[in-house]
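As structure tokens, the structure follows; a few thoughts come after it.
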Amino acid sequence: DRIMNTYSVVPSPKVSDTVVEPYNAVLSIHQLVENTDETYCIDNEALYDICYRTLKVPNPTYGDLNHLVSLTMSGVTTCLRFPGQLNADLRKLAVNMVPFPRLHFFMPGFAPLTSRGSQQYRALTVPELTQQMFDAKNMMAACDPRHGRYLTVAAIFRGRMSMKEVDEQMLSIQNKNSSFIVEWIPNNVKTAVCDIPPKGLKMSSTFIGNTTAIQELFKRISEQFTA
């Protein structure tokens, strides 16, 4: 039995000016709702904002956007490809992340954000990673998680780090943000740790959130569709 996993790029007028993009997106959503197990909504608008605001790239090209997408994809599939202290494969992710079959649209995030070619000079700590990863500015979908609530969350850490510290940080984040995490799904924040960091970084973390705020993204497409 296989898991159907898609990384779906949502169009944005900021990046491209193809008239039919919203149509393509809307017509494909039906297929995604019915036929996939997990869909990572990657949003051109968010990628553009990250390049422009965080990485200070004045005119982001598709190469810059793709660099961010590749970081996310690599982070999500880490556990399939490398050994780790606490591993989560796609099936585990699907089981833990999807409370109702149709609610499988996830908002991915990544920390630390680096631009192409520039490497991380200063080593990040686990608290900084957790802080950044839950920050709206690091999300790859242009919706503000503070406008909704998290049904489920998965955090995948990469690099040499202490499991104890990771657990403590995740707990403290959950306590701080308890109002943004639904209470009717117990233990809905999952952590995975993999020993091998991505190229050029000492440690990194990938965030996967199943949040009700993802509706902002669908509203935006629907507005473009009906415009």
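The opening position of the sequence shown corresponds to residue 108 in the working numbering, with each subsequent residue numbered one higher. All C-beta atoms in this analysis are idealised placements derived from N, C-alpha and C, irrespective of residue type, glycine included.
Checklist entry - Does the pairing of the region 263-271 with the region 158-165 give three or more beta-carbon distances under 8 Å? => result With a cut-off of 8 Å, the region 158-165 and the region 263-271 do not count as touching, because too few Cβ pairs lie within range.
Next on the checklist: Which same chain residues end up closer than 7 Å to residue 354 when comparing Cβ atoms and leaving out the 5 residues on each side of it in sequence?
Outcome noted: In this structure the chain extends from 108 to 334, so residue 354 is not present and cannot be described.
Item to check | Residue nearest to residue 245 in terms of C-alpha spacing, selected from 175, 115 and 123 | outcome: Of the listed residues, the one whose Cα sits closest to residue 245 is 175.
Item to check | Backbone CA spacing between residue 187 and residue 286 [nearest angstrom] | outcome: Between residue 187 and residue 286, the C-alpha separation is close to 32 Å.
Item to check | CA-to-CA distance, residue 178 to residue 123, given in whole angstroms | outcome: Residue 123 and residue 178: Cα-Cα distance of roughly 22 Å.
Next on the checklist: If the criterion is Cβ atoms closer than 9 Å, does the pair residue 211 and residue 143 meet it?
Outcome noted: When the beta-carbon positions are compared, residue 211 and residue 143 come within less than 9 Å of each other.
Item to check | Contact the region 228-244 vs the region 131-140: 3+ CB pairs below 8 Å | outcome: Short answer: they don't touch.
Checklist entry - Which stretch, first to last residue, makes up the beta strand (DSSP E) that contains residue 150? => result That run of the beta strand (DSSP E) goes 145-150.
Next on the checklist: Just list the residues that DSSP pairs residue 317 with in beta bridges.
Outcome noted: Answer by DSSP bridge pairing, in chain order: 259.
Next on the checklist: If distances are taken between C-alpha atoms only, which option among 148, 197 and 193 comes closest to residue 55?
Outcome noted: In the structure displayed, the chain extends from 108 to 334; residue 55 sits before or after that span and is not available.
Checklist entry - How about residue 247 and residue 157: do their beta carbons lie closer than 9 Å? => result For residue 247 and residue 157, yes; Cβs fall inside 9 Å.
Checklist entry - Between which two residues does the alpha helix (DSSP H) containing residue 301 stretch? => result Taken as a continuous stretch (DSSP letters only), residue 301 belongs to no alpha helix (DSSP H), being part of the beta strand (DSSP E) at 296-301.
Checklist entry - From 191, 120 and 195, pick the residue whose C-alpha is nearest to that of residue 261; which is it? => result For residue 261, the nearest C-alpha among the options comes from 195.
Next on the checklist: To test your reading of the DSSP string, which unbroken beta strand (DSSP E) runs of 3 or more residues are found completely within the region 168-196?
Outcome noted: 191-193, all fully within the region 168-196.
Item to check | 7 Å CB neighbourhood of residue 153 in its chain, flanking five on each side removed | outcome: So the qualifying residues of the chain are 246, 247, 248 and 249.
Item to check | Bridge-paired residues (DSSP) for residue 310 | outcome: In the DSSP assignment, residue 310 forms a beta bridge with 266.
Checklist entry - Hey, residue 264 and residue 301: beta-carbon distance below 9 Å or not? => result Yes.
Checklist entry - For the beta strand (DSSP E) that residue 112 lies in, which residues bound it at each end? => result DSSP places residue 112 in the uninterrupted beta strand (DSSP E) bounded by 112-117.
Checklist entry - Quick one: what's residue 288 bridged to in DSSP? => result Beta-bridge analysis with DSSP links residue 288 to 257.
Next on the checklist: My output table needs one value for residue 213: the three-state DSSP class, helix, strand or coil.
Outcome noted: Judged by DSSP in its simplified three-state form, residue 213 adopts strand.
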